[in-house]
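Start counting the sequence shown at 56; every next residue gets the next number (our numbering). Cβ coordinates follow ideal geometry from the N, Cα and C atoms, glycine included. A short worksheet on the structure shown next.
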Amino acid sequence: MNETLIAVIYGVVQGITEFLPVSSSGHLALIPYFLGSKDPGVFFDLAMHIGTALAIIVSFRHQLRLLIVQTLSIKTDSKSHFARNFYFSSFITVIFVFLIKGYAESFGRSPNLIAFNLVFFGAIMWGCDFFGKKEINLFHKTDFLRSGLIGLSQSFAIFPGVSRSGITLSSSRVLGLSRETAASFSFLLSLPIIIGGFCYKLLGLIKDNALLEIDWVSVGVGVTVSFIIGLLTIKFFMSLLSKVGLGIYFWYRLILAGIILYF
C-alpha cells in the first residue's frame, strides 16, 4: 500500500481515537495487523500524537492562556490552584511512567493484551462514569489529592488498549469531576506527556544518527491529518459527552476486542 495513504490512515485514526476513550495507541498498534503493513514504530505513533496535541492547543487556547498567566503570576488565590494542580498531576504521571515503563514495554503490543485492556478498562470507565457524582465543574476547584490521583491514573495509559483519555476520565469522574471538566482536564494533561515523549524519542534518534531513516514526508502528512481530524473530534466529543456519557464507548471497546480475538 502507498506510504502516503498509510500515513493518512494513521492520521485519521489518531485524530479520532485520541479524544474518544477507546485507546489511540491500541488502534495505531492494530493498523499494521489489519492492513498487513510494516509497523512504523513508536516514533511515528508519537509524531501522530503531535498533531492531536496541536488540536488541543487550538481548542483549549483560553484555558492554556489562563495556565500561562497563573504560572507567571506571583499572586496566589483559589483560582491559581488550577496551575498548581495541573503541574502536580503532570509530575505524578511522569514519575510513575518512568517507574513502570520497563514493565509495560516487556508486554509489547500484542493484540491479545490490547483486547483485554479494551474490555477491562472500558468496564471500569463505564462504572466510574455511572456512579460518579457531578461535584466539581471548574478547573481551580480540583484539589491536590484529586489531581495527584488523576496523574497517577494517566501513567497506566502506557499500556496499549488502556486509553489515556479513558483512564483519566474514569478517575476524574469517580473523584467527583463533571464530565465536561473531566474531559477538558484530561485533554490538557496529555500535552506534557505527548510533547515530552516525542522529544525524548527525537533526542534518541539524534543520538543514534537515525534521523535520515525517518520518512519525514509520511510523518508530515500524518501529523497534518491528525491535527485536522482532531479539531473536529474534540468539538464532536465535547458536545456529545453531556448527552450520552461514557457507556457507549464501552460497547465499542467490547466489540473491537471481540473482532481482535476473532481474527
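Asked: Residue 256 vs residue 98 beta-carbon contact at 7 Å; Found: yes
Asked: Residue burial classification, residue 65 (beta-carbon count within 10 angstroms, cutoff 16); Found: buried
Asked: CB contact flag (residue 202, residue 137, <7 Å); Found: no
Asked: Range covered by the alpha helix (DSSP H) that runs through residue 226; Found: 219–229
Asked: Of the listed residues 170, 57 and 114, nearest to residue 310 (C-alpha basis); Found: 170
Asked: N-terminal and C-terminal residue of the alpha helix (DSSP H) that residue 149 is part of; Found: 136–162
Asked: Separation of residue 206 from residue 192, as counted between CA atoms; Found: 18 Å
Asked: Where residue 295 sits in the DSSP three-state scheme; Found: helix
Asked: Boundaries (first-last residue) of the alpha helix (DSSP H) holding residue 98; Found: 97–114
Asked: Presumed contact (8 Å Cβ cut-off) between residue 67 and residue 280, rounded CB distance; Found: 6 Å
Asked: Range of the contiguous alpha helix (DSSP H) that encloses residue 176; Found: 166–186
Asked: Residue 210 versus 228, 186, 157 and 254, residue with shortest Cα-Cα distance; Found: 157
Asked: Which of helix, strand or coil DSSP assigns to residue 89; Found: helix
Asked: Residues of its chain near residue 227, where Cβ-Cβ distance is below 7 Å and the 5 sequence neighbours each way are ignored; Found: 205, 237, 240 and 241
Asked: Reference residue 163, options 177, 175 and 215, closest by Cα; Found: 215
Asked: Proximity below 7 Å, CB of residue 253 to CB of residue 150; Found: no
Asked: Candidates 267, 298, 245 and 316: closest to residue 184 by CA position; Found: 298
Asked: Distance between residue 116 and residue 123 (C-alpha atoms, nearest Å); Found: 10 Å
Asked: Buried versus exposed, by CB contacts within 10 Å (16 or more), residue 167; Found: exposed
Asked: Short Cβ contact (7 Å threshold) for residue 180 with residue 221; Found: yes
Asked: Residue 198 versus residue 235 - alpha carbon distance; Found: 17 Å
Asked: Distance between beta carbons of residue 59 and residue 278, contact taken as under 8 Å; Found: Between residue 59 and residue 278 the Cβ distance is about 13 Å, and since that is not below 8 Å, they are no contact.
Asked: Distance CB(residue 312)-CB(residue 83) smaller than 7 Å; Found: no
Asked: Rounded separation between residue 249 and residue 108 - CA only; Found: 7 Å
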